[in-house]
Amino acid sequence: MKVQISGDIARERAARLRALSSEKQRSFAEGFIGRRVNIVVEGGGEHRIFKGLTEHYLPVRFSGNDHLTGTLQTLSITGWQDDALFGELL
1 MKVQISGDIA RERAARLRAL SSEKQRSFAE GFIGRRVNIV VEGGGEHRIF KGLTEHYLPV
61 RFSGNDHLTG TLQTLSITGW QDDALFGELL
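Position 80 of the sequence shown, counted from 1, bears residue number 80 in our numbering, the numbering being contiguous throughout.
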């Protein structure tokens, strides 16, 4: 017979796992600071800040122009903030 845990315990464990996942992602991403990465530019947003993904599926934000959407670009990673890497076009 299976024993089910209470909803409170399940929610607490899920919250701990989400926190651990965020910490692991941040730690992995910060290892790219100071390095060059290739990204696929997904598009732009407000204030000419574009977003893309590295080959490791890490989100990256950077300043750019409209013609970059859909292209491969090389960036120098400068930091990590708000669950995304930040970089500068090379």
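C-beta atoms are modelled at their ideal positions from N, C-alpha and C, and glycine is treated no differently.
Three-state secondary structure (DSSP) of residue i
i: phenylalanine 32; result: coil
i: isoleucine 9; result: helix
Residue i versus the options, residue with shortest Cα-Cα distance
i: phenylalanine 91; options: Thr71, Gly52, Gly70; result: Within the shown structure, residues of the chain are numbered from 1 to 90, placing residue 91 beyond reach of any answer.
i: phenylalanine 50; options: Leu72, Arg36, Ala29, Gln25; result: Leu72
Range of the contiguous beta strand (DSSP E) that encloses residue i
i: glutamine 81; result: 72–81
i: threonine 54; result: 49–54
i: valine 60; result: 59–63
i: leucine 85; result: 84–89
Cβ distance (whole Å) where residue i is taken to contact residue j below 8 angstroms
i: valine 41; j: threonine 69; result: 6 angstroms
i: valine 60; j: glycine 87; result: 5 angstroms
i: glycine 34; j: isoleucine 77; result: 7 angstroms
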